[in-house]
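Each residue of the sequence shown is one higher than the one before, counting from 14 in the working numbering.
By construction, the Cβ of each residue, glycine as well, lies at the ideal position given by its N, Cα and C atoms.
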Amino acid sequence: MATYAYRCLDCGQFEVRLPIGTAEAVRDCPVCRSPARRFFTVPNLTRLSPAASAALTREEQSREAPEVVTHVPPGRRWQPPSHPALSRLPRP
């Protein structure tokens with residue numbers, strides 16, 4: 014489904030969701046029933062969550078200049094697994 018924008022001269026603009034390729038150039042306004050012309054808008058590409066936007070930015074930056082790891086980051090220390098069967102597995 015795509016969102017198509019129309020502009021009524023009396024009521025202003027409104028949007029209609031229709032299957033892609035089925036929008037007419039002129040459609041009746043849902044409020045006053047006068048003809049409204051379709052106009053083109055920018056795609057809604059900016060409606061991302063801040064987390065998704067940050068992830069995309071990081072991914073784009075890593076294409077050109079990936080970060081190089083020079084040391085192991087601080088974090089949790091390795092602890093042996095609690096299940097006895099897991100302790101027999103090889104460790105990295």
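{"query": "Can you tell me which of V85, L22, M14, A68 puts its alpha carbon nearest to the alpha carbon of P43?", "result": "L22"}
{"query": "If the criterion is Cβ atoms closer than 7 Å, does the pair A49 and Y19 meet it?", "result": "yes"}
{"query": "Between R40 and R51, which are expected to be in contact by the criterion C-beta below 8 Å, what is the C-beta distance as a whole number of angstroms?", "result": "7 Å"}
{"query": "According to DSSP, simplified to helix, strand and coil, what is R30?", "result": "strand"}
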